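In our numbering, the protein residues as written are 1 to 763.
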């Protein structure tokens, strides 16, 4: 090749090298740029992922928080519903305890179904509502089915079934336990006013506003016969005790006697000048009593149909008549709300009972003759203890729950159940066997104080009649009456358990009185052992020391005295209180004595040094009562300011102020475990408090006036209270929720059996 070609070839190669170098440079640059962009992309992706993770994390946390808030709100809502149901129960307990119990049980069930435990306050409210309802409820079951006023209800002779008559024109037969409908008897063309079982229980008679009497076969629920008995409304039908006669009374002013066997008319009794409202056979079947709108009660001889006696005294329409089981007394009622008790033998008036403020439609005796049940337009059934009927202070037991005027009432043959019917179309069955609270009667005057023996088997009471009585707790019977004081007994106290005490019973009882003396008694034989004289005014309180060797007494003479129990010597007189001494309490170790004073102070006496250790203002008025807790760490007091207070016993600082009473707090008592405190008051109630948080657990209502004293039994299961209504009441305390629910469900056992839809709410 020539030189020129060689140069051209070299130039081309050089250019190729440059191009390759440039390309390589571009490639490297591109790779670096790509790597840079990739790195940046990775960084951006990392940042995005990080941001996304944060956002996701926040979202998850937010979701969790929202879920927790929702659950919290749901819990709060559910708990508020529990509280609301509890409030409904409390509102109903006075007017309808049965519904109050249902609502309280529903609240308890809802509370147990909560995912988290309810607050202590809610739990206490539910327990209180349950306790209140259980103590007040008397209704056991109810029968629903009629579509009109219940005019008449009556049990069969064996008490297994009952019959009802209604304005809906029907008669119904029901099982008594539970109250399930057996059959509906139709045939009357107007309202059915009365039903009566034949003594054999196989036949039922019914009377109606259609003027007819019908006989029914109870076993087969079929009509046997119809009698066209009267030309006007029939008010009452009633079989004679032997079942051979059926009596009927009517708006036509007559009473007719029918032969049961063939339905023939035996006699027509004429004498009333107005509507005859009610009739009743005497237990021996020889006499018939009748009530009328002419305001009289008439007694008729069944054998010859003659008028035996006319009882005058009512000033308004007479509504009902009823013989006592022994036939000696007749009860009659009128539209002024008066019940009259008459001597049947001579027709004289024995007593007037202003039982209701509205018309009394009926009054009937219990099978044992000890109780009189009255019903009225005031929607209540009142049960009167006839053994105490001469006591002007006696108050009846009142059964509440109906929402209409009571029309009819009947006892079961064993007297344990009462059935009632009302204008509210409801039939209610009431349990009359309720023993809670057990009421001890026998004090003729106000009971000022009660005290349990150390073994809890005996209760001592002191009364205004100057007597001390010892009661058997198991059956409420009187064991002994200790006579010796000349005036009102204000305080009684058992000695602690000692080696000489048989079966753990405190072998001595101390008492203090208006007569200024302290007396010491032998519990076993009732002997007066010693009389301690020294006070110059009323002795309000006596207390044994924990070891039983010393007796303390507090008086209106402004002193506290310590006595040697063994020989009766006066050991020490404390004049420091400088005011009336209302109560005393030894500390559990016996080293201190708390003194309640009328100047509003609590004073702590050091018994070792015989000096005043501490004094602090406690109440805005008299301190009426004081007590150390079982462990000695807390001091409780109650005053005329209606308040109970809990104090730190060591430094006197206030722990809790317990408010709820509406009048003077008269007495307090710690439970043996120290977790509860009971207080009595002039407002007629006993209240039980939770010592740990100061909240009220229960309000016990049963006394009809001031409650003067309260004390826990040694086992803590019973609370005794005394009042100026001359009674002592023994309350069975139940402070466990599950046990309360169990008691409530047991009471409603019959109701749940006949109302399955209600039972399912608690399953």
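Glycine included, every Cβ here is placed at the ideal spot set by N, Cα and C.
No experiment lies behind these values; they were computed from the predicted model shown.
From the options, residue whose alpha carbon lies closest to that of residue i
i           : options            : result
residue 83  : 104, 357, 95       : 104
residue 615 : 626, 743, 602      : 602
residue 572 : 561, 234, 579      : 561
residue 404 : 512, 361, 308, 329 : 361
residue 202 : 192, 161, 194, 319 : 161
residue 733 : 726, 721, 598, 171 : 721
residue 718 : 671, 512, 88       : 671
residue 180 : 191, 163, 463      : 163
residue 484 : 519, 648, 424      : 519
residue 428 : 415, 617, 434, 410 : 410
residue 683 : 725, 647, 690      : 725
residue 155 : 147, 198, 146      : 198
residue 516 : 89, 482, 553       : 553
residue 665 : 656, 654, 706, 691 : 706
residue 254 : 244, 243, 267, 242 : 267
residue 101 : 741, 232, 439      : 741
Beta bridge counterpart(s) of residue i as assigned by DSSP
i           : result
residue 469 : 461, 481
residue 768 : The requested residue 768 is not part of the displayed model; the chain covers only 1 to 763.
residue 430 : 139, 418
residue 184 : 172
residue 487 : Beta-bridge pairing links residue 487 to no other residue.
residue 278 : 291
residue 554 : 541, 560
residue 774 : Nothing about residue 774 can be read from this structure; the chain reaches only from 1 to 763.
residue 258 : 246, 265
residue 97  : DSSP, once it has assigned bridges, lists no residue as partnering residue 97.
residue 741 : None; residue 741 has no bridge partner.
residue 531 : 519
residue 239 : 246
residue 614 : 604
residue 203 : 217
residue 195 : 206
residue 732 : 718
residue 222 : 217
residue 494 : 509
residue 228 : 212
residue 583 : 596
residue 130 : Paired residue(s): none; residue 130 is not in a bridge.
residue 85  : Answer is none; residue 85 lacks a bridge partner.
residue 723 : 707
Integer-rounded CB distance, given that residue j should sit under 8 Å from residue i
i           : j           : result
residue 507 : residue 524 : 7 Å
residue 542 : residue 551 : 6 Å
residue 215 : residue 280 : That belief does not hold up - the Cβ atoms of residue 215 and residue 280 are roughly 20 Å apart, past 8 Å.
residue 703 : residue 687 : The pair is not a contact, with the Cβ atoms about 13 Å apart (cut-off 8 Å).
residue 277 : residue 289 : Rounded, the Cβ-Cβ distance is 12 Å, inconsistent with contact.
residue 133 : residue 151 : The pair is not a contact, with the Cβ atoms about 30 Å apart (cut-off 8 Å).
residue 632 : residue 583 : That belief does not hold up - the Cβ atoms of residue 632 and residue 583 are roughly 17 Å apart, past 8 Å.
residue 336 : residue 352 : Not really, about 11 Å apart at Cβ, beyond 8 Å.
residue 640 : residue 652 : Residue 640 to residue 652, Cβ: 20 Å. No contact.
residue 230 : residue 252 : 5 Å
residue 613 : residue 605 : 6 Å
residue 159 : residue 366 : With 8 Å as the limit, residue 159 and residue 366 do not qualify as a contact, their Cβ atoms being about 13 Å apart.
residue 454 : residue 494 : 6 Å
residue 694 : residue 658 : 6 Å
residue 728 : residue 440 : 4 Å
residue 711 : residue 450 : 6 Å
residue 327 : residue 283 : 5 Å
*asked:* Give the list of continuous beta strand (DSSP E) stretches no shorter than 3 residues that lie fully inside the region 622 to 693.
replied: 623 to 628, 634 to 639, 643 to 648, 654 to 659, 665 to 670, 676 to 681, 685 to 690
*How about the region 729 to 743 and the region 105 to 122: do they share at least three Cβ pairs that are nearer than 8 Å?*
yes
*Secondary structure, beta strand (DSSP E): runs of 3+ residues fully inside the region 375 to 413*: 381 to 385, 397 to 399, 406 to 411
*Flag this pair as touching only if the region 300 to 307 and the region 325 to 332 have three or more C-beta atom pairs under 8 Å; answer yes or no.*
no
*Note down, one range per segment and in chain order, each beta strand (DSSP E) of at least 3 residues found wholly within the region 287 to 363.*
287 to 292, 297 to 301, 307 to 311, 318 to 323, 329 to 334, 339 to 343, 349 to 353
*Is the region 263 to 277 touching the region 293 to 300, taking contact as three or more C-beta pairs under 8 Å?*
yes
_With a threshold of 8 Å, are at least 3 pairs of Cβ atoms found where one atom belongs to the region 401 to 420 and the other to the region 375 to 389?_
yes
*For the 8 Å Cβ check, are there 3 or more pairs between the region 174 to 190 and the region 216 to 232?*
yes
*So, do the region 589 to 605 and the region 616 to 635 have three or more beta carbon pairs nearer to each other than 8 Å?*
yes
*Tell me, please, whether the region 237 to 251 touches the region 194 to 212 by the rule of three or more beta-carbon pairs shorter than 8 Å.*
yes
*Is the number of C-beta pairs between the region 750 to 761 and the region 471 to 485 that are closer than 8 Å three or more?*
no
*asked:* Quick check: the region 696 to 712 against the region 125 to 139, are at least 3 beta-carbon pairs closer than 8 Å?
replied: yes
*asked:* Does the contact criterion of 3 or more C-beta pairs under 8 Å hold for the region 445 to 465 versus the region 168 to 179?
replied: no
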